[in-house]
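Asks: Under UniProt numbering, the first residue of the sequence shown carries the number 1, and numbering increases by one thereafter.
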Amino acid sequence: MADRARVRELMLGVEGLALMRSAIDGDEDFIAARIDEISKISAPDTAAIPPVELLSELDVATGYRVWSENYDSLPNFFLTAEEPVVAGLLADLPPGQALDAACGTGRHTTGLVARGHEVIGVDQSPEMMRRAKTKVPSAEFRIGDLERLPVTDHAVDLAVCALALSHLNDIGPAIGEFRRVLRPGGRLIVTEVHPMMVLLQGPALFSHKPGELAFIRYHAHLASEYLAAFAEHGFAVRSCHEPLFTGPLAPGGYEELIPEAANAAWAGLPVVIVWEAEAIE
């Protein structure tokens, strides 16, 4: 792993994306500002780059154990884009038995319970689940993973899985598990980091401790993969949504050092994808 040079490269990458998107018909002053910032960042002894140690890759369990400490307190533009779409889809569904798969700290469990659902939350992270239990004491929580859900066949009317499938190399087994636990006619809502974002940004980078960054690997799953998995495992797609970036930038991250470039780089790009599917016979 590299040290501050990797931060330099990340900053240059964002500047380059912003420059590429504006090169044909962009504002001349904006383009000049990008070239100037690129020159300053590229300087060998620039003070614009803070000293940061980039840690080795963390597995999902370790990463979320670390992330659980501040997951709910940090602004996250993936959540900002995703949550209103999910709320709109849930508003049309009657209360019933619901599964929050990869429930994390219980952010969707909270909304499901508020809408009158009886909720089972499943997550592989005990640290995340402890926070969920504190937040939503009326829900039932079980340790488990997406490929072997600790839920009986045809037990729920609704399954929600938010921002988790990108940690899997193959989404097929998890989609099959969702169909197994859903009753015929039940609804599945899956949200994920948009594959365009995964391909552009790479792994999920987050603060491990002051002066240290860690990352968890993401896998990009194209829409065609989801459509194939849904068809194979007995789902009919009812809707698909791709909300666009509106901010905020991740606090304390390298992008805050170049906010104009970062906002321009991501503006108008889809940041998450939200699927609504129905379990069919």
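Here a beta-carbon is modelled for each residue, glycine too, at the ideal position from N, C-alpha and C.
On a Cα-Cα basis, can you pick out the residue from Ala250, Asp45, Leu99 and Ala262 that is closest to Leu205?
Replies: For Leu205, the nearest C-alpha among the options comes from Ala250.
Asks: Do Asp153 and Arg180 have their C-beta atoms closer together than 8 Å?
Replies: Their beta carbons are under 8 Å apart, which means Asp153 touches Arg180 by this criterion.
Asks: Could you give the first and the last residue of the continuous alpha helix (DSSP H) run that contains Val85?
Replies: Counting along the chain, the alpha helix (DSSP H) containing Val85 begins and ends at Phe77 to Ala91.
Asks: Where does Leu165 fall in DSSP's three states?
Replies: Helix.
Asks: Quick one: is Leu199 buried, meaning 16 or more other Cβ sit within 10 Å of its Cβ, or exposed?
Replies: Leu199 comes out exposed.
Asks: Can you give the beta carbon distance from Ile189 to Glu276, rounded, assuming they're within the 8 Å contact cut?
Replies: Indeed, because the Cβ distance is near 6 Å, the residues count as touching under 8 Å.
Asks: Tell me which residues share the same chain as Ala5 and place their Cβ nearer than 7 Å to its Cβ, disregarding the 5 neighbours each side in the sequence.
Replies: Since pLDDT at Ala5 reaches only 44, below the 50 mark, its modelled position is unreliable, and the value read off the structure follows with that caveat. There are no such residues.
Asks: Please identify the residue among Ser22, Asn169, Phe141 and Ile49 whose C-alpha is closest to the C-alpha of Glu127.
Replies: Answer by Cα proximity: Phe141.
Asks: Whole angstroms is fine: what's the gap from His241's alpha carbon to Asp27's?
Replies: Taking the straight line joining both Cα atoms gives about 31 Å.
Asks: Smallest Cα separation from Ala33: which of Ala155, Glu281 and Ala261?
Replies: Out of Ala155, Glu281 and Ala261, Ala261 has the C-alpha closest to the C-alpha of Ala33.
Asks: So, helix, strand or coil for Ser22, using DSSP?
Replies: Helix, per DSSP.
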